[in-house]
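Per my numbering, the very first residue in the sequence shown carries number 508; after that it's consecutive. Ideal placement from N, C-alpha and C gives every residue a C-beta, glycine not left out. Heads up, the thing below is written out as structure tokens.
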Amino acid sequence: MARVYIGNLDPRVTERDLEDEFKIFGVLRSVWVARRPPGYAFIEFDDRRDAIDTIRELDGKNGWRVELSHNSKGGRGRGGGEDLKCYECGEPGHFARECRSHYGS
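Below is the structure:
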């Protein structure tokens with residue numbers, strides 16, 4: 508199993524939109540779309556190889572940023588370590604919802 512991060516999404520995108528776009532790459536276990544702040548989502552694939560194929564095919568399409576989630580173990584906890592990076596700018600020490608580069612400051 509592997510989780511994929513999708514960034515730079517249109518705020519109006521729905522789970523169904525993403526399911527339709529991503530299911531062609533493999534079996535999806537879950538789709539989660541952020542609402543506050545909007546603009547990103549996580550999709551969990553049953554097979555890691557499908558996630559890798561998805562990244563190769565869709566990263567940069569429609570301006571999206573598609574990458575393997577740094578926390579692809581499936582947990583939501585803040586276990587510490589180097590995995591805690593901002594998905595917007597890639598820098599450690601803050602999360603996407605707190606990122607200044609995301610809001611143009």
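Asked	Found
Please state whether DSSP places Glu598 in a helix, a strand or coil.	coil
On the CB-based measure, 16 or more other CB atoms within 10 Å of its CB, does Asp527 come out buried or exposed?	exposed
Give me, in chain order, the residues of the same chain whose beta-carbon lies closer than 7 Å to that of Asp553; leave out the 5 immediate sequence neighbours on both sides.	Met508, Gly533, Val534 and Arg536
With the cut-off set at 8 Å, would you say Leu525 and Ile562 are in Cβ contact?	no
Can you give the Cα-Cα distance for Leu575 and Arg519, rounded to whole angstroms?	23 Å
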